[in-house]
Amino acid sequence: LMAAIEPHKLDPAAPRPSIETLLHAGLPHACVDHTHADAVLALVNTVNGAALAQEVFGDLAPLVPFQRSGFALAKTCQTVWQRRATPRTIGLILHQHGAVSVGGDSAQSRLHMLRLADLARRHLEAHRAWALPRATPAPRGPEGALALARLRGELSAAAGFPLLLAVDNSPEAMGFAHRPDVAHLSAGSATAQHAVFTKGRALCDGDVGAWSRAYRALLAAHTPSGWPAATLPDAAPRIVVDRRFGIAAASVDAAHAAMSARVFQHGFAIASRAAAHDRFLPMDPVEALLAE
């Protein structure tokens with residue numbers, strides 16, 4: 001798909017177009033906004049998400065069943081629009097992905113996106129599902145510093161190259177780490193775009209080796225025969241949730257580790273809010289793997 005789109009750039013030196021280019025082009029409006037709004041995902045990434053999407057958005061933004069980004073998603077969005085859009089429709093809700101809004105100009109499209117996110121947030125607030133659990137961070141001290149140093153060593157060994165850590169011990173991160181259902185809420189990504197930074201599933205039990213073995217098995221089961229081993233992702237988790245220090249995000253340098261930590265802040269907020277009004281439904285682990 002991207003190879004087919006690339007030659008049609010007006011400026012050959014411009015950045016590579018988004019894989020969602022066809023999705024945006026297939027909607028009959030001049031401007032399209034596309035986000036992975038936390039409130040929308042916390043509402044619809046649940047067992048009863050389809051019914052909730054209909055209740056909250058109705059024909060303002062019909063729900064599009066999950067499709068992998070690219071031609072399949074673009075075609076499905078166009079089909080849903082043609083079948084379900086009315087004069088009131090201002091966008092689409094993309095299951096386990098996010099939302100798109102449309103408008104005659106960029107200002108109108110942005111206002112429509114804000115309206116969709118606000119509708120989702122109001123529903124969550126009405127069901128007491130917006131505020132996140134909080135816990136007081138414990139003083140780190142020498143023992144905590146040593147635990148993080150050991151963790152960094154184990155993660156680097158699993159990856160095969162050095163990794164740096166960014167630690168989030170905010171009250172919200174500590175509250176998430178102390179949840180009794182933290183393993184379920186960390187078992188899958190809210191959207192494929194998060195999985196690019198988090199590998200889709202966090203490590204919660206401290207066993208880096210077991211996580212890596214499970215990841216390698218999943219990778220082996222879904223890698224085409226003859227695929228060059230050098231191009232495969234490493235088998236180290238990128239997010240570690242621990243009651244002692246909150247959340248640690250690992251990456252190749254400090255900037256990317258901080259980026260992964262910020263992405264997971266959105267991820268655990270979505271999962272927590274989803275669990276507060278229904279049951280969180282993470283995306284399929286194979287889809288998360290393919291998104292990397």
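The sequence shown begins at 1 in the working numbering and counts up one residue at a time. Just so you know, even glycine gets a beta-carbon here, dropped at the ideal spot from N, CA and C.
So, using beta-carbon positions, are residue i and residue j closer together than 8 angstroms?
i: Ala-41; j: Thr-198; result: The question names Ala, but residue 41 in the sequence shown is Leu. Cβ atoms of Leu-41 and Thr-198: not closer than 8 angstroms.
i: Gly-72; j: Leu-22; result: It should be pointed out that residue 72 corresponds to Ala in this sequence rather than to Gly. No. Outside cutoff.
i: Ala-195; j: Glu-125; result: no
i: Ala-288; j: Gly-200; result: yes
i: Gly-103; j: His-112; result: yes
i: Gly-49; j: Leu-203; result: no
i: Ala-276; j: Leu-165; result: no
i: Leu-116; j: Ser-101; result: yes
i: His-353; j: Leu-146; result: For the chain, the structure presents residues 1 to 292; residue 353 sits outside this window and is missing.
i: Thr-76; j: Pro-65; result: yes
i: Arg-121; j: Ala-39; result: yes
i: Asp-59; j: Thr-35; result: no
i: Ser-69; j: Ile-5; result: no
i: Leu-163; j: Val-208; result: no
i: Val-56; j: His-123; result: yes
i: Met-283; j: Ser-189; result: yes
i: Val-32; j: Ser-109; result: yes
i: Gly-144; j: Arg-244; result: yes
i: Leu-151; j: Val-240; result: yes
In the DSSP assignment, the beta strand (DSSP E) including residue i goes from what residue to what residue?
i: His-24; result: Run containing His-24: none in the beta strand (DSSP E); it sits in the alpha helix (DSSP H), 21 to 25.
i: Ile-93; result: 91 to 94
i: His-34; result: 31 to 35
i: Val-167; result: 164 to 168
i: Asp-242; result: 239 to 242
How should residue i be labelled, buried or exposed, when 16 other C-beta atoms within 10 angstroms of its C-beta is the threshold for buried?
i: Gln-82; result: exposed
i: Asp-181; result: exposed
i: Val-47; result: exposed
i: His-301; result: Residue 301 falls outside the range modelled here, since the chain spans only 1 to 292, and no answer is possible.
i: Leu-185; result: buried
i: Gly-246; result: buried
i: Arg-179; result: buried
i: Gly-293; result: Summary: the structure shown does not reach residue 293, with the chain confined to residues 1 through 292, and so no result is reported for it.
i: Arg-279; result: exposed
i: Trp-227; result: exposed
i: Ala-229; result: exposed
i: His-97; result: buried
i: Phe-268; result: buried
i: Leu-10; result: exposed
i: Ala-149; result: exposed
i: Ala-183; result: exposed
i: Ala-221; result: exposed
i: Ala-257; result: buried
Between which two residues does the alpha helix (DSSP H) carrying residue i extend?
i: Gly-312; result: Because residue 312 is not part of the residues shown, which for the chain are 1 to 292, the question remains open.
i: Thr-198; result: 192 to 198
i: Ala-147; result: 141 to 159
i: Thr-370; result: Residue 370 lies beyond the residue range present for the chain, which begins at 1 and ends at 292; the question has no answer from this structure.
i: Val-263; result: 254 to 277
i: Ala-249; result: Per DSSP, Ala-249 belongs to no alpha helix (DSSP H); it is in the beta strand (DSSP E), 246 to 251.
i: Leu-219; result: 208 to 221
i: Ala-112; result: The amino acid occupying residue 112 in the given sequence is His; Ala does not appear at that position. That run of the alpha helix (DSSP H) goes 106 to 126.
i: Gln-54; result: 49 to 56
i: Glu-172; result: 171 to 177
i: Ala-129; result: Per DSSP, Ala-129 belongs to no alpha helix (DSSP H) and is neither H nor E.
i: Glu-287; result: 285 to 291
i: Leu-43; result: 38 to 44
Thinking residue i and residue j are a contact (beta carbons under 8 angstroms), I'd like their distance in whole angstroms, please.
i: Ala-61; j: Ile-90; result: 6 angstroms
i: Arg-238; j: Ser-225; result: At roughly 27 angstroms, the Cβ-Cβ gap does not stay under 8 angstroms, so Arg-238 and Ser-225 are not in contact.
i: Ala-236; j: Ala-159; result: 4 angstroms
i: Gln-265; j: Asp-205; result: Actually they do not touch by this definition, with Cβ atoms about 21 angstroms apart.
i: Leu-232; j: Pro-285; result: The pair is not a contact, with the Cβ atoms about 16 angstroms apart (cut-off 8 angstroms).
i: Ala-138; j: Arg-273; result: Incorrect: roughly 25 angstroms between the Cβ atoms, too far for contact.
Between residue i and chain C, is the shortest Cβ-Cβ distance under 8 angstroms, so that the two count as touching?
i: Glu-20; result: Among the chains in the structure shown there is no chain C, since it carries only a single protein chain.
Exercise. Between the stretch 171 to 190 and the stretch 124 to 140, do at least 3 Cβ pairs fall closer than 8 angstroms?
Worked result: Output reads yes: the stretch 124 to 140 touches the stretch 171 to 190.
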